[in-house]
Amino acid sequence: MVQQLYSPERIPVTVVTGFLGSGKTTLLNHILHGWHGYKVAVIVNEFGEISIDGQLVVTEDNEELVEFNNGCLCCTVREDLVRTLTDLARRSELDAVLIETTGLADPAPVASAFFIVDEIKSRFQLDSFITVADAVNLERNLEDSVEAREQSAFADIILLNKTDLVPKPQLERVEQRIRALNPMARLYHTQFANIELDKILGVGAFELAAKLEVDPAFLDDVEHEHDDEVASFVLRTDRPVDMNRFMEWFNGVLLEHGEDVYRTKGIFRARGYSERLVFQSVRMLTSLRREENREPEEPRQSEYVVIGRNLDRDKFMQGFAQCVVSSE
15 MVQQLYSPER IPVTVVTGFL GSGKTTLLNH ILHGWHGYKV AVIVNEFGEI SIDGQLVVTE
75 DNEELVEFNN GCLCCTVRED LVRTLTDLAR RSELDAVLIE TTGLADPAPV ASAFFIVDEI
135 KSRFQLDSFI TVADAVNLER NLEDSVEARE QSAFADIILL NKTDLVPKPQ LERVEQRIRA
195 LNPMARLYHT QFANIELDKI LGVGAFELAA KLEVDPAFLD DVEHEHDDEV ASFVLRTDRP
255 VDMNRFMEWF NGVLLEHGED VYRTKGIFRA RGYSERLVFQ SVRMLTSLRR EENREPEEPR
315 QSEYVVIGRN LDRDKFMQGF AQCVVSSE
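In the working numbering, each residue's number is its place in the sequence shown (first place is 1) plus 14.
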């Protein structure tokens, strides 16, 4: 049961952060499936041209999905965020808002909007910042990415996810790294981002004073800058994909560029399958599963998003094209 901590005039907001591939969308779907009887607005933000996560978030009748894929919530689309929240605030039946940020988002500017923007600070109250941390790749992410460090340091609640995939010494080492960055956060070990909802929703964990200690300038309206070497691109085709060829090609990509391929995610029309296939990778880890939720009228297209550092888009396009076949 979600605790009732807020007056009807102020709508609680939970912000879900975490580096690329940590499990944010899995957590979001877990929340949506488990939070019955509440009217929830879900805002999904992605780094890239298209929203794969938006296609993978499964909503029910009492939920609404709002997608931003033209920028990061911490910078270029803050005006869109404010406008969307203002529109949502007019709906008296709304019980809560969930915001899933891009994996490259700095959490501080997102939070500051709830204190410096008059249109939303009187109608919304931050409940908590949840950071999903990938136990397998967190040490490397903390070394390579300022955003990964900021997300861990800023969190009220940290879900150390994929704990089943790492040995105990590594898990203890990762937890020590997290505690060095953020000794105050509530820390939970999870697998598949599965956690009791009363531990993460309606907990009233966000405290402004604590955030100002982490970032004294966080209420200042300063534009956030991303690493220019990190970029995303999309590979598309209307023809079926031979997944055996694809896996062989992509395994070769990882062997050559594994350190630079941060995250990939795609929904495929595959030869020999009536369902969609969802392929994902995080660094060297990959997964492939069938997606049963495809609507009959949905276009039969494959879309594959690649996010990484200093990647050759043309080379990726050539390799991907070799995986495309002419017929089912």
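Just so it is clear, CB atoms sit at the ideal spot from N, CA and C, and this is done for glycine as well.
Measuring straight from C-alpha to C-alpha, what distance separates N155 and Q184? 14 Å
S159 to S166, Cα distance in whole Å? 11 Å
Classify D109 as helix, strand or coil using the three-state DSSP reduction. coil
Rounded C-beta distance between R24 and Q190? I'm assuming under 8 Å. Incorrect: roughly 37 Å between the Cβ atoms, too far for contact.
For V320 versus F247, is the C-beta spacing smaller than 7 Å? yes
P26: buried (16+ other C-beta within 10 angstroms of its C-beta) or exposed? buried
What do you reckon, are the CB atoms on I172 and A194 nearer than 7 Å? no
Distance, L108 Cα to S136 Cα: 15 Å
Residue range of the beta strand (DSSP E) that includes T31: Residue range I25 to T31 is occupied by the beta strand (DSSP E) that includes T31.
Report the CB separation of T98 from I130 in whole angstroms; it is logged as a contact under 8 Å. The Cβ separation is near 17 Å, so there is no contact.
Proximity winner among V296, S36, A55 and N175, relative to N208 (alpha-carbon distances): Checked all of V296, S36, A55 and N175; the closest Cα to N208 is N175.
From T251 to R314, what distance separates their C-alpha atoms? 9 Å
Please identify the residue among R104, I144 and R297 whose C-alpha is closest to the C-alpha of K38. I144
Note down the Cα distance separating D274 from L302, rounded to an integer number of angstroms. 21 Å
For R253, write down the residues that DSSP places opposite it in a beta bridge. Paired residues: none, contrary to the question.
Cβ contact check for the segment 280-287 and the segment 196-216: 3 or more pairs under 8 Å: no
How far does the alpha helix (DSSP H) with N208 in it reach, from first residue to last? Run containing N208: none; DSSP gives neither H nor E here.
Measure the Cβ-Cβ separation of A127 and A169 and say whether it is below 7 Å. Result no, Cβ atoms of A127 and A169 do not sit closer than 7 Å.
Leaving out the 5 sequence neighbours to the left and right, which residues in its chain are closer than 8 Å to D178 when beta-carbon positions are compared? Q205
Could you please give me the residues that DSSP links to A169 through a beta bridge? A169 is not bridged by DSSP to any residue.
Skipping 5 residues on each side, what residues in its chain have a beta carbon closer than 6 Å to that of D75? Per-residue confidence for D75 stands at a pLDDT of 49, beneath the threshold of 50, marking its modelled position as unreliable; the derived number appears in the next sentence. So the list is empty, once near-sequence residues are dropped.
Starting from A199 and walking both ways along the alpha helix (DSSP H), at which residues does that stretch end? Segment: none, A199 is in no alpha helix (DSSP H) and carries neither H nor E.
So what's V80 in DSSP terms, helix, strand or just coil? Any reading at V80 must be qualified, since the residue scores a pLDDT of 48, below 50, and its modelled position is unreliable; no value is offered.
Helix, strand or coil, according to DSSP, for T115 in the structure here? coil
Could you please give me the residues that DSSP links to D148 through a beta bridge? N175.
Using a Cβ-Cβ cut-off of 7 Å (strictly less than) and excluding sequence neighbours within five positions of G32, which residues of its own chain qualify? Only K38, G117, T145, V146, A147 and Q165 meet the Cβ criterion.
In this structure, does DSSP put V267 in helix, strand or coil? helix
Straight-line gap, V150 to Y202 (C-alpha atoms, nearest Å): 15 Å
C-beta atoms of R323 and V296 nearer than 7 Å: no
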